[in-house]
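Counting in my numbering, the final residue of the sequence shown is number 839, and the numbers go up one at a time with none missing.
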Amino acid sequence: MENQVGKTKDVGFQFGIRKTFSVSSEKVWDFLFSENGLKIWLGNLKNELEIKKEYETENGITGLVRVFKANSHIRLNWKPKNWENMSTIQIRVIGNQTKATIAIHQEKLLNTEQRNEMKAYWTEIIKKIGDELLT
Numbered sequence: 705m706e707n708q709v710g711k712t713k714d715v716g717f718q719f720g721i722r723k724t725f726s727v728s729s730e731k732v733w734d735f736l737f738s739e740n741g742l743k744i745w746l747g748n749l750k751n752e753l754e755i756k757k758e759y760e761t762e763n764g765i766t767g768l769v770r771v772f773k774a775n776s777h778i779r780l781n782w783k784p785k786n787w788e789n790m791s792t793i794q795i796r797v798i799g800n801q802t803k804a805t806i807a808i809h810q811e812k813l814l815n816t817e818q819r820n821e822m823k824a825y826w827t828e829i830i831k832k833i834g835d836e837l838l839t
């Protein structure tokens, strides 16, 4: 049996992307959870993001915030309205006062096609985040 890119033993398919920016980790974190930042990576929220609470965006993404550690990471369930499955996303900010890395990891994807869809999606999202951070 041949290996499939992104296939895991326990959580289906996964995808991860990282990008480092020449700004402080605090600035990156604050941007990600600002109104503008949330719109970029999550969408316009119908309700507040709160730990152990469900959320929904105007474009139909639903989920539950599992973990929120300020200035470190968030872990949440994530399901677009056209998906049958619920995936898990973790966004982590690692860095210091001069540079920061955003690491986005998504697991519980159904197959290669869904993984490729999310690879294109998160590649575009991280580019948009970078464009905003560096202006």
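Note that beta-carbon positions come from the ideal geometry of N, C-alpha and C, so glycine has one too.
In this text the structure is predicted, and so the values were computed from the model without any measurement.
Distance, residue j Cα to residue i Cα
i	j	result
Leu746	Val727	22 Å
Lys823	Glu836	20 Å
Thr805	Ile798	5 Å
Phe717	Arg796	19 Å
Glu821	Gln801	33 Å
Gly834	Phe725	7 Å
Thr816	Ile793	17 Å
Met790	Leu814	9 Å
Ser665	Asn786	In this structure the chain extends from 705 to 839, so residue 665 is not present and cannot be described.
Collapsed DSSP secondary structure at residue i in the structure displayed
i	result
Lys823	helix
Glu817	helix
Ser791	strand
Gly716	coil
Glu754	coil
Lys831	helix
Glu836	helix
Lys803	coil
Glu762	coil
Cβ-based neighbour list, residue i, same chain, cut-off 7 Å, excluding 5 preceding and 5 following
i	result
Leu753	Tyr759 and Val769
Lys733	Note on identity: in this sequence residue 733 is Trp, with Lys being the wrong assignment. Closer than 7 Å at the Cβ level, and outside the excluded window around Trp733, lie Asn775 and Val797.
Val715	Glu811 and Lys812
Bounding residues of the beta strand (DSSP E) (the contiguous stretch that carries residue i)
i	result
Asn781	His777 to Trp782
Lys743	Here Lys743 belongs to no beta strand (DSSP E); instead the alpha helix (DSSP H) covers Glu739 to Trp745.
Leu768	Thr766 to Lys773
Close beta carbons around residue i, own chain, < 6 Å, minus the five adjacent residues each side
i	result
Thr766	Glu760 and Lys783
Arg779	Arg770, Val771 and Gln794
Gln810	Phe719, Ser791, Ile793 and Met822
Where the alpha helix (DSSP H) containing residue i begins and where it ends
i	result
Glu730	Ser729 to Leu736
Neighbourhood of residue i by C-beta distance below 8 Å, restricted to the same chain and skipping five residues each side
i	result
Arg722	Thr805, Ile806, Ala807 and Ile808
Check whether the stretch 725-741 and the stretch 820-829 touch, using three or more Cβ-Cβ pairs below 8 Å as the test. Result no; under three Cβ-Cβ pairs closer than 8 Å.
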